[in-house]
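The next block holds one structure in the form of structure tokens; read it before the comments.
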Amino acid sequence: DVGGTANAQTVEAGFRIIMKDPNVKAILINIFGGIVRCDRVAAGVIEAYNKLGNINIPIIVRLQGTNAEEAKKLIDESGLKVQSAILLSEAAELVKKAVA
158 DVGGTANAQT VEAGFRIIMK DPNVKAILIN IFGGIVRCDR VAAGVIEAYN
208 KLGNINIPII VRLQGTNAEE AKKLIDESGL KVQSAILLSE AAELVKKAVA
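Heads up: take any position in the sequence shown, counting from 1, add 157, and you land on the working numbering.
Here it is, written out as structure tokens:
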């Protein structure tokens, strides 16, 4: 949980914790932007990914709420190996395909 003050540092810290576990097959970031803006979290994901370098775990970001469409566009146009979805069911399918 990155809370209402999500930024690149909190996302990066989360990535580092998750990537320590060799059993992790995919990362699903579920953002419901009620307090925090989705575009701010998306920018944090992009910045953290770039800072960490090549991440060999599939990353799927589900965006719902404030500025979700803008956030999806940021991720989709980032050129990174990060997939985005608006619906949770769509994100779950992307995770399912990524780990198959």
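C-beta: ideal position from N, C-alpha, C; glycine also. Here the structure is a predicted model, which is why all the values come from computation and not from measurement.
Minimum Cα-Cα distance from L220 among the listed residues F172, A249 and K254 corresponds to A249. One alpha carbon belongs to S235, the other to N211, and they sit about 14 Å apart. I216 has I184 and V239 as its beta-bridge partners, per DSSP.
Assigned with DSSP and collapsed to three states, G222 falls in strand. With a 10 Å radius around the Cβ and a threshold of 16 neighbouring Cβ atoms, G191 comes out exposed.
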